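**Q** Have a look at this one.
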Amino acid sequence: MSFPRVPSLLITARIFTKAFIVVIILNFICLVAKFNPVDSITQLNLWGVVGNGRARLVYMSDFNNGLLPLNSLLATHIIAHTPKKSNEYRVIIIGNSGPFGSGLDDNETLVAQLNGRKILVGDKLLVAYNLGYPSATVITEAMTIDAVARYEPDFVFSFVTAYMFNNRQAYLDQIYPFMRSNRPRLEALANRFRLAEWLSPRLSPRPILSNWIGIHDDGTLPVWFGSLFYPFVSPDLSRTSLRIANKPMPDKPNNFQDVPGTYPILNDAWLFLNVAQQISITAGARFLVVNQPTLVNDGPHSELSYSALYGRTFYDAYHKTIAAYTKENDIDYLDLWQIVPPEHYTDSELHMDADGWAIVADHLINYLENIDY
Amino acid sequence: MELPAIGWTIAGLGMIALSVGFWRSSTSSKLNAILVIICSLGISLALSGTILSFFLFTFSLVLIAITWRMIFLQQNRRILGKFWIACLLLLFLMTKLSFAEVQIGPAIWIGVSYLFLRLLHISLDALHGRIENVSLSQMIIYMLHPATLVAGPIDRIQHSISEQKSQVREIFSYVNEGLWRIFFGLFKKLVLANALYSVTVVFDPNQRIPDSMGAWIWLSAYTFYLYFDFSAYSDIAIGTGLLLGMRVPENFTKPYLQSNIAQFWQSWHITLSTWLRDYVFFPISRTLLKWFGSRYSPVILFVSHIVTMILSGLWHGFRPELIIWGVWHGTGLWIYNRWTIFRRRYKIPGLPIPVSIFANFLFVALGWGFFALRVRVALRLFEQLLFLR
Chain A
1 MSFPRVPSLL ITARIFTKAF IVVIILNFIC LVAKFNPVDS ITQLNLWGVV
51 GNGRARLVYM SDFNNGLLPL NSLLATHIIA HTPKKSNEYR VIIIGNSGPF
101 GSGLDDNETL VAQLNGRKIL VGDKLLVAYN LGYPSATVIT EAMTIDAVAR
151 YEPDFVFSFV TAYMFNNRQA YLDQIYPFMR SNRPRLEALA NRFRLAEWLS
201 PRLSPRPILS NWIGIHDDGT LPVWFGSLFY PFVSPDLSRT SLRIANKPMP
251 DKPNNFQDVP GTYPILNDAW LFLNVAQQIS ITAGARFLVV NQPTLVNDGP
301 HSELSYSALY GRTFYDAYHK TIAAYTKEND IDYLDLWQIV PPEHYTDSEL
351 HMDADGWAIV ADHLINYLEN IDY
Chain B
374 MELPAIGWTI AGLGMIALSV GFWRSSTSSK LNAILVIICS LGISLALSGT
424 ILSFFLFTFS LVLIAITWRM IFLQQNRRIL GKFWIACLLL LFLMTKLSFA
474 EVQIGPAIWI GVSYLFLRLL HISLDALHGR IENVSLSQMI IYMLHPATLV
524 AGPIDRIQHS ISEQKSQVRE IFSYVNEGLW RIFFGLFKKL VLANALYSVT
574 VVFDPNQRIP DSMGAWIWLS AYTFYLYFDF SAYSDIAIGT GLLLGMRVPE
624 NFTKPYLQSN IAQFWQSWHI TLSTWLRDYV FFPISRTLLK WFGSRYSPVI
674 LFVSHIVTMI LSGLWHGFRP ELIIWGVWHG TGLWIYNRWT IFRRRYKIPG
724 LPIPVSIFAN FLFVALGWGF FALRVRVALR LFEQLLFLR
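These protein sequences, in sequence, are chains A and B. Just so we're aligned: 35 in the working numbering is position 35 of the first sequence, and the numbers increase by one with no gaps anywhere. For any residue, its number in the working numbering is found by taking its place in the second sequence, counting from 1, and adding 373.
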């Protein structure tokens with residue numbers, strides 16, 4: 001556009017000087033008050049206006065939402081818009097894209113199936129909330145539990161599988177945007193649970209100058225602005241006709257031996273199970289680690305692999321480790337790894353159809369009915 | 374120290390020296406040219422992050438020197454000039470082909486697309502005797518000025534030389550306007566364009582075809598994102614030019630508020646449009662008119678428009694979608710031309726201005742569908758836009 005006439009240099013200097021002074025003062029106030037207005041802005045959303053909140057966390061396949069902090073993601077979720085009722089037994093389902101419900105509608109996911117059965121726990125009605133998030137790890141799960149703790153959960157089901165304990169840098173790089181946009185939370189957890197040594201090589205320190213910046217957005221404002229349009233987008237969950245069980249297994253098992261940081265199986269990432277448990281207990285919730293169902297296929301090469309994702313050697317080692325680790329650390333554990341028949345798996349070794357998750361729901365309900373409260 | 378950091382340091386120091394050099398009227402053109410080289414080399418290293426860009430930058434200097442020499446050599450031997458133009462075209466084509474793009478495309482050879490358009494402009498104007506004596510220093514300053522190195526605008530050497538020679542400059546006024554222009558550009562880029570980009574990501578048809586409402590939101594957001602993003606670079610270039618004592622031509626003048634497609638192309642990326650008009654459209658149409666006569670002028674105009682706009686598309690990248698985009702706009706320009714003649718002949722009143730502006734905006738916005746997406750995705754998007762799915 002043709003440029004409008006600009007004020008004189010003197011007026012320009014006055015305008016910019018005054019603006020600069022105002023910014024400095026506001027910055028100082030926010031620094032002292034430890035209040036970043038961007039955090040509050042990015043929690044504004046239309047979901048509470050157009051409905052009761054989303055049944056699942058917002059997720060786009062390009063990881064763009066890893067740029068929004070958890071508080072902003074949760075602000076769109078139904079749990080943030082649903083005050084806990086006195087007769088509600090609040091259950092949190094947390095995990096990767098499997099429990100999240102990739103390829104399923106909202107009314108087909110594990111959470112929907114649990115809610116649909118109107119289970120009573122004592123005299124309270126079980127209400128489950130889906131806090132699954134694709135490409136989750138035990139680290140992101142602990143952070144999510146920390147964020148959701150303020151919504152008064154009674155029970156946390158934490159679905160895990162072998163790859164989620166991967167401690168190698170290249171793997172964690174995938175969740176780096178998530179870690180970076182939740183830096184204060186992650187740093188607080190690391191300090192609280194003495195994991196600073198684990199964190200420091202994995203999360204680059206903030207520039208020194210940032211200690212003097214009270215108002216900062218870390219790239220979240222444009223993402224938040226885009227997220228205001230999410231109500232107009234149906235879930236990014238394309239139903240797939242692919243059936244992974246029909247795919248032939250590779251002749252070379254995926255035992256992750258060539259992947260640095262995967263072995264030994266037991267590594268520092270496992271400490272985040274303890275972190276998740278402690279956070280849940282502090283929030284007044286029970287905590288259960290669930291070994292997520294995974295495809296156990298038969299056919300050629302099944303003597304070497306359970307599936308294209310997991311070679312037998314690797315998975316068996318993980319399987320033994322998680323059973324021993326949870327026992328030693330007094331963490332409640334439920335092993336559901338091979339309860340779902342192959343025909344219920346869809347496009348990956350961890351994604352199932354509605355009937356597959358119905359089987360999982362049966363087992364969770366059975367577990368709930370048999371524990372002491 | 375990493376290469377980008379070295380590059381920015383060189384560029385930054387070079388800019389400071391250059392601004393002093395330009396504002397001191399006693400500074401020689403040669404010194405300014407050297408400072409331009411240092412500054413632009415720094416920018417190239419910083420943006421590409423690879424030492425290969427140093428060699429490509431050096432090659433740019435060689436091309437500039439040869440082109441400058443050709444201005445004088447071809448005065449008596451025009452065939453040399455034509456040969457050199459053919460060489461430039463071939464080299465330009467090579468930088469656009471996908472197998473070369475990684476090594477010598479715009480990500481590595483910073484400003485290559487603008488470089489070749491300027492070289493071709495000089496070569497063609499020299500061939501037609503439209504260039505007076507120009508020194509190598511003046512040519513280097515025109516070709517490699519840091520303000521317009523990366524993203525244009527594509528100035529003309531005649532205008533650049535007149536700016537270089539101009540002594541009447543009010544420093545404070547230029548600096549003031551330059552700072553406002555840069556601020557305006559940064560606001561458009563960092564606030565408006567970034568926000569709109571986030572919206573386009575939400576409805577990105579490349580990931581998943583949105584529903585009809587999502588398709589319209591995507592198209593609107595992308596249309597304005599493109600404008601704010603592109604015009605922001607022009608604002609920053611113009612502002613930087615002003616800080617360095619040089620007025621660079623405008624590149625955008627309210628393009629989405631134009632009431633017809635011809636005016637749109639006089640308002641959008643003005644310097645590229647006028648380059649294509651002067652060096653592609655006019656030569657083709659005049660040549661064809663000379664060969665076939667004015668009896669075939671409608672067909673000739675159609676061919677000229679289509680060829681010009683296809684080349685405009687291909688300048689942005691070698692993809693079939695950009696050819697379709699070029700055909701879209703070429704056809705639109707031709708239809709507008711014929712409709713204008715028809716309307717005048719039969720005294721048909723035009724549409725109300727707001728309706729014309731909206732219709733024109735819609736036409737341009739739909740064209741961006743082909744600009745941004747693969748053909749199949751674009752067609753499916755259009756189905757959603759027309760509520761057909």
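Every residue, glycine too, gets a C-beta built ideally from N, C-alpha and C. Note that this is a predicted model, so its numbers are computed, not measured.
Give the interface partners of B/N567 over in chain A, defined as CB-CB distance under 7 Å, in chain order.
**A** Here residue 567 of chain B corresponds to residue number 194 of the second sequence, with the count starting at 1. Those are P222, listed as they occur along chain A.
**Q** Can you look up B/R762 in the DSSP assignment and give me helix, strand or coil?
**A** Numbered from 1 along the second sequence, position 389 holds the residue referred to as residue 762 of chain B. Of the three classes helix, strand and coil, the one that applies to B/R762 here is coil, per DSSP.
**Q** Evaluate the contact criterion for the region 532-548 of chain B versus the region 614-622 of chain B: three or more CB pairs, one atom per stretch, below 8 Å.
**A** yes
**Q** Around the C-beta of B/W648, are 16 or more other C-beta atoms found within 10 angstroms, so that it is buried, or is it exposed?
**A** For this step, residue 648 of chain B is matched to residue 275 along the second sequence. Its Cβ being crowded by 16 or more others within 10 Å, B/W648 is buried.
**Q** What does A/L9 reach in chain B if we use C-beta pairs closer than 8 Å?
**A** For the purposes of this step, residue 9 of chain A is taken as the residue at position 9 of the first sequence. Ordered by position in chain B, the residues that pass the 8 Å Cβ test against A/L9 are F545, S546, V548, N549.
**Q** Are the C-beta of B/Y570 and some C-beta of chain A separated by less than 8 Å?
**A** Numbered from its first residue, the second sequence carries residue 570 of chain B at position 197. Chain A, which has a Cβ nearer than 8 Å to the Cβ of B/Y570, makes this yes.
**Q** Within 8 Å (strictly less), CB to CB, does B/L592 reach chain A?
**A** Within the second sequence, numbered from 1, the residue matching residue 592 of chain B stands at position 219. Chain A, which has no Cβ nearer than 8 Å to the Cβ of B/L592, makes this no.
**Q** Under three-state DSSP, which class holds A/N64?
**A** In the first sequence, the residue the question calls residue 64 of chain A occupies position 64. Low confidence applies here, because A/N64 scores a pLDDT of 49, under 50, leaving its location unreliable; read the following figure in that light. A/N64: helix per DSSP, three-state reduction.
**Q** Can the beta-carbon of A/A188 be found less than 8 Å from the beta-carbon of A/A196?
**A** Residue numbering aside, residue 188 of chain A sits at position 188 when the first sequence is read from its first letter. Residue numbering aside, residue 196 of chain A sits at position 196 when the first sequence is read from its first letter. Result no, Cβ atoms of A/A188 and A/A196 do not sit closer than 8 Å.
**Q** Report the option in A/K118, A/Y163, A/P205 whose CA atom is closest to the CA atom of A/S135.
**A** Translated into positions along the first sequence, residue 135 of chain A becomes position 135. It is A/Y163.
**Q** Work out the CA separation of A/D330 and A/F256 for me, nearest whole Å.
**A** For this step, residue 256 of chain A is matched to residue 256 along the first sequence. For this step, residue 330 of chain A is matched to residue 330 along the first sequence. Roughly 28 Å separates the two Cα atoms.
**Q** Since A/Y230 meets chain B, which of its residues come closer than 9 Å, beta carbon to beta carbon?
**A** Translated into the one-based positions of the first sequence, residue 230 of chain A becomes position 230. Near A/Y230 (Cβ distances below 9 Å), the residues of chain B are V575.
**Q** Enumerate in chain order the residues of its own chain whose CB-to-CB distance from A/N64 is below 7 Å, with the five nearest sequence positions on each side excluded.
**A** Position 64 of the first sequence holds residue 64 of chain A. Below a pLDDT of 50, predicted positions are generally treated as unreliable, and A/N64, at 49, falls in that range; no measurement from the model is reported.
**Q** Just to confirm, is the Cβ distance from B/I437 to B/M388 under 8 Å?
**A** The residue you call residue 437 of chain B lines up with position 64 of the second sequence. The residue you call residue 388 of chain B lines up with position 15 of the second sequence. No; because the gap between Cβ atoms is not below 8 Å, this pair is not in contact.
**Q** Would you say A/H77 and A/G53 are within 8 Å of each other, going by their C-beta atoms?
**A** As a working note, residue 77 of chain A is residue 77 in the first sequence. As a working note, residue 53 of chain A is residue 53 in the first sequence. Yes. Within cutoff.
**Q** Tell me where the alpha helix (DSSP H) around B/F731 begins and ends.
**A** Counted from its first residue, the second sequence places residue 731 of chain B at position 358. Per DSSP, B/F731 belongs to the alpha helix (DSSP H) from 726-745.
**Q** Would DSSP call B/Y719 helix, strand or coil?
**A** One-based indexing of the second sequence puts residue 719 of chain B at position 346. Correct three-state label for B/Y719: coil.
**Q** Using CA coordinates, which residue listed in A/L271, A/F159, A/F100 is at the minimum distance from A/R192?
**A** Taking the first residue of the first sequence as 1, we reach residue 192 of chain A at position 192. Closest option to A/R192, Cα to Cα, is A/L271.
**Q** Check B/I483 in the structure and name its three-state DSSP category.
**A** In the second sequence, counting from the first residue as 1, residue 483 of chain B sits at position 110. Residue state, collapsed to three classes: coil.
**Q** Out of B/R503, B/W381, B/P671, which one is the CA nearest neighbour of B/I714?
**A** Along the second sequence, read from residue 1 onward, the residue named residue 714 of chain B stands at position 341. Measuring from the Cα of B/I714, the nearest candidate turns out to be B/P671.
**Q** Return the Cβ separation of B/F465 and B/F489 in integer angstroms, given the expectation that the two are a contact with Cβ distance under 8 Å.
**A** Mapped onto the second sequence, residue 465 of chain B falls at position 92. Mapped onto the second sequence, residue 489 of chain B falls at position 116. That belief holds up - the Cβ atoms of B/F465 and B/F489 are roughly 4 Å apart, short of 8 Å.
**Q** Taking the beta strand (DSSP E) that A/S158 belongs to, which residues open and close that run?
**A** As a working mapping, residue 158 of chain A is identified with position 158 in the first sequence. 155-160 is the span of the beta strand (DSSP E), which, as asked, contains A/S158.
**Q** Cβ closer than 9 Å: which chain B residues qualify as neighbours of A/F35?
**A** Translated into positions along the first sequence, residue 35 of chain A becomes position 35. Residues of chain B passing the Cβ test: none, with the nearest at roughly 22 Å.
**Q** Give the secondary structure of B/S508 by DSSP, where H, G and I count as helix, E and B as strand, and everything else as coil.
**A** Walking along the second sequence from the start, residue 508 of chain B turns up at place 135. Three-state DSSP puts B/S508 in coil, outside helix and strand.
**Q** Which residues of chain B have a Cβ atom closer than 8 Å to the Cβ of A/T12, listed in chain order?
**A** Mapped onto the first sequence, residue 12 of chain A falls at position 12. Listed along chain B are N549, L552, W553, each with a C-beta nearer than 8 Å to that of A/T12.
**Q** Let me see if you follow: with CB-CB separation under 8 Å, is A/V6 close to chain B or not?
**A** Sequence index remark: in the first sequence, residue 6 of chain A carries index 6 (1-based). Taking Cβ atoms only, chain B reaches closer than 8 Å to A/V6, which makes this a yes.
**Q** Are any of the Cβ atoms in chain B nearer than 8 Å to that of A/G51?
**A** Against the first sequence, residue 51 of chain A aligns to sequence position 51. No, A/G51 does not count as interfacial toward chain B.
**Q** A/G226 touches chain B at which residues, Cβ-Cβ below 7 Å?
**A** Translated into the one-based positions of the first sequence, residue 226 of chain A becomes position 226. Those are S571, V572, V574, V575, listed as they occur along chain B.
**Q** Do the region 631-648 of chain B and the region 574-587 of chain B make contact, defined as three or more Cβ pairs closer than 8 Å?
**A** Contact between the region 631-648 of chain B and the region 574-587 of chain B is absent, because fewer than three Cβ pairs lie under 8 Å.
**Q** Kindly indicate which residue of B/A480, B/S433, B/Y595, B/R451 has the alpha-carbon position closest to the one of B/L461.
**A** Translated into positions along the second sequence, residue 461 of chain B becomes position 88. Here the closest residue by C-alpha is B/S433.
**Q** Residue ranges of each alpha helix (DSSP H) run of no fewer than 4 residues wholly in the region 606-681 of chain B, ordered along the chain?
**A** 634-638, 643-649, 655-665
**Q** Closest to B/F691 by C-alpha separation, out of B/L470, B/I726, B/L446, would be which residue?
**A** Stepping through the second sequence from its first residue, residue 691 of chain B is reached at position 318. With distances taken between Cα atoms, B/F691 lies closest to B/L470.
**Q** Straight-line CA distance for B/L563 to A/L368?
**A** Walking along the second sequence from the start, residue 563 of chain B turns up at place 190. Walking along the first sequence from the start, residue 368 of chain A turns up at place 368. CA-CA distance, B/L563 to A/L368, rounds to 51 Å.
**Q** In this structure, how does DSSP classify A/N246 when only helix, strand and coil are distinguished?
**A** For the purposes of this step, residue 246 of chain A is taken as the residue at position 246 of the first sequence. A/N246: helix per DSSP, three-state reduction.
**Q** List in chain order: all unbroken beta strand (DSSP E) runs of 3+ residues lying wholly within the region 294-342 of chain A.
**A** 332-335
**Q** Write down the C-beta distance between A/G103 and A/G132 rounded to the nearest angstrom, noting that I regard them as a contact closer than 8 Å.
**A** Position 103 of the first sequence, counted from the first residue, corresponds to residue 103 of chain A. Position 132 of the first sequence, counted from the first residue, corresponds to residue 132 of chain A. Actually they do not touch by this definition, with Cβ atoms about 13 Å apart.
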